[in-house]
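Going by the numbering used here, the sequence shown opens with residue 94, and the numbers climb by one from there.
Shown next, in structure tokens, is the structure this report addresses.
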Amino acid sequence: MASGTYELDRRWGATSTWTREQAARIRRTAETTAPIVYPPDEPTDSDLYLWDTWPLLERDGSFAEVDGWRVVFALTAPAEMLPGKRHDVATVRYFYSRDGREWTTGGPVFDPERSLGSRQWAGSAMYDRADDELYLYYTAAGRADAVELSYEQRIAVATGGDLATDDDGVRLSGPWDHEVLLTADGEWYETREQAARESDLIYTFRDPWFFEDPGTGETCLLFEANTPVPECGCGGDDGRRAFNGCVGVAVSDAGDPTEWEMRRPILDGACVNQELERPHVVVRDGRYYLFTSSHEHTFAPGLERFDGLYGFVADALRGEYDPLNGSGLVVANPHNAPFQAYSWLAYGHRDELLVTSFFNYYDLGGLHLDEVGHLLPDEQREKFGGTLAPTLRLELAGDRTRIRGELDHGHLPLEDEELPPADPLAGRRPLGGEGEY
Ligand code: FRU
């Protein structure tokens, strides 16, 4: 029985809480600390920064393999720019591979004249094989016609495009029809205006994740949001801050991937964390594993905090969720490379989970992320990976997890691929000095 407050309402859903008490148990351990990431021999694309990535999935959540090709989408920006500015110009590109190891850049997915927002942030992609339709969900950040960059976020979809393959690769082509699916309602999900406090924390209503519940058949869209909360004091002395991240959900009763009705959040992290990013669910043995990435700087004061992957488990999509490993921490960057990876995505593979992410800032020599912007432009570029990180292998046992090894950068094996035996000691001993993770 989870300790969070939990109200079950048949129509509107239930909200589990990630409590401060649970989050206060966050510690790096051998089981949860990722090995150091080193630069790959070759980045995925040397002309591009690439960060948040998501694969093309079938409606049932398995990888879509189209005529032997796998497709992933990623947020990208030109590699000559300052890495810290990349979010302002994020462009969705696609990449394809036959073997799940070597990825070829396919190009930008959308026509910038037609896509919504001044830039597009993370999403998910579903190929409905029965209807031969692609649904590309994304976050419309800001407004295309605005003079000033804004952090307004709306959840959108693009449909009507085409995916063609031949021996040389994959071609995704439009025209795409773009449509806003969800905007924050102000009751369950904070609007940009409600959040208009002065703060260095970024408002969230983004990162749609298509998920069809194998247990109930319900068609869902998960997303990252903020719960409207009165000033609560969890920002410490800084009363302007509210750490009010949540995982939202919308439902399509008819199963139509473009028609959604909002439900109340499935997980509330109020007074724990401001950003529960890129939420997604993996079902294993009838249990629902909800994962989300978060940053060290978005945790409320007073908690141990790491850039990491956090996870929760429940018997049903709507909960009630218990934090994995007692605290929620599943993967943390190690103490000597605290910003090396981000934006983790877990998926089931045989009897384990695989976790992808992107190679973020490394070799910082003790600098905090806030200080990177003060470095010379070339140094900032040198310290930013901007490419796919090694894939982590995770053992899952009920509500416990353990990192049991890793695969190469960007290696995304599909169901039939047998992996080498995992190192039996991985995730069982400190990576650094005695007791140092
Ligand atoms: C996580 C994230 C996403 C967002 C994107 C913007 O890395 O913050 O939540 O969609 O980056 O670049």
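Backbone N, C-alpha and C fix where the C-beta goes; we use that ideal spot for every residue, glycine too.
Asked                                                                                                                                                                              : Found
Roughly how many whole angstroms lie between the Cα atoms of E508 and E368?                                                                                                        : 31 Å
Answer with buried or exposed for D261, where buried requires no fewer than 16 other C-beta atoms within 10 angstroms of its C-beta.                                               : exposed
I'd like to check one pair, F316 with L275: are the Cβ atoms closer than 9 Å?                                                                                                      : yes
The alpha helix (DSSP H) spanning D471 covers which residue range?                                                                                                                 : P470 to E475
Quick one: grab the DSSP three-state call for A257.                                                                                                                                : strand
Would you say Q213 and A239 are within 9 Å of each other, going by their C-beta atoms?                                                                                             : no
Do you know whose CA, among F304, P132, E241 and A343, lies nearest Y440's CA?                                                                                                     : F304
Looking only at DSSP bridge pairs, what is I496 linked to?                                                                                                                         : L487
Could you name the residues of the same chain whose beta carbon sits closer than 6 Å to that of P321, not counting the 5 residues immediately before and after it, in chain order? : E283 and Q287
Is P176 helix, strand or coil by DSSP?                                                                                                                                             : helix
Cβ of R299 versus every heavy atom of ligand 1: is any distance shorter than 8 Å?                                                                                                  : yes
Could you check how far apart the C-beta atoms of T484 and E499 are, in whole angstroms? I think they sit under 8 Å.                                                               : 6 Å
If you compare alpha carbons, which of R152, A249, A237 and G341 is closest to G412?                                                                                               : G341
Which residue's Cα is closest to the Cα of R380: T309, A218, D501 and I129?                                                                                                        : T309
Taking only the alpha-carbon atoms, compute the straight-line gap between Y131 and F452 and give it to the nearest angstrom.                                                       : 9 Å
Where does A343 sit, in a helix, a strand or coil, going by DSSP?                                                                                                                  : strand
Could you say if the stretch 453-473 and the stretch 148-161 meet the contact criterion of at least three C-beta pairs nearer than 8 Å?                                            : no
What is the residue span of the alpha helix (DSSP H) that Q115 lies within?                                                                                                        : R113 to A116
At a cut of 8 Å, does the stretch 417-435 reach the stretch 124-139 through at least three beta carbon pairs?                                                                      : yes
Looking at C-alpha atoms only, which residue of T252, D259 and D224 is the closest neighbour of R207?                                                                              : T252
State buried or exposed for H271, treating a residue as buried only when at least 16 other CB atoms are found within 10 Å of its CB.                                               : buried
Comparing the CB of W144 with every heavy atom of ligand 1, is any distance shorter than 8 Å?                                                                                      : yes
Taking the Cβ atom as the reference point for each residue, do P148 and T232 lie within a distance shorter than 9 Å?                                                               : no
Whole angstroms are fine: how far does the CA of L447 sit from the CA of P514?                                                                                                     : 14 Å
So is D255 buried or exposed if we call it buried at 16+ other beta carbons inside 10 Å?                                                                                           : exposed
Can you check which of these residues, I496, R285 and L150, is closest to Y228 by C-alpha distance?                                                                                : L150
Could you tell me which of A407, Q246, Y455 and F432 sits nearest to D378, measuring between CA atoms?                                                                             : A407
So the alpha helix (DSSP H) L402 belongs to, where does it begin and stop?                                                                                                         : Premise fails: L402 lies in the beta strand (DSSP E), G401 to A407, not in any alpha helix (DSSP H).
With D463 as the anchor, note down where its alpha helix (DSSP H) starts and where it stops.                                                                                       : L462 to V465
Please name the residue, chosen from L242, T197, A249 and A277, that lies closest to R264 on a Cα-to-Cα basis.                                                                     : T197
Please classify G97: does DSSP put it in a helix, a strand, or coil?                                                                                                               : For G97, the pLDDT reaches just 49, beneath the cut-off of 50, and the residue's location in the model is therefore unreliable, leaving the point undetermined.
Should Y282 be listed as close to ligand 1, given that the test is whether its C-beta is under 8 Å from any heavy atom?                                                            : no
Going by C-alpha distance, which of A223, R247, R497 and H504 is nearest P517?                                                                                                     : R497
Taking the CB atoms as reference points, tell me whether E129 and P427 lie closer together than 9 Å.                                                                               : In the sequence under discussion, the amino acid at residue 129 is Ile, which differs from the Glu named in the question. Cβ atoms of I129 and P427: closer than 9 Å.
Mapping DSSP to helix, strand and coil, what is R104?                                                                                                                              : coil
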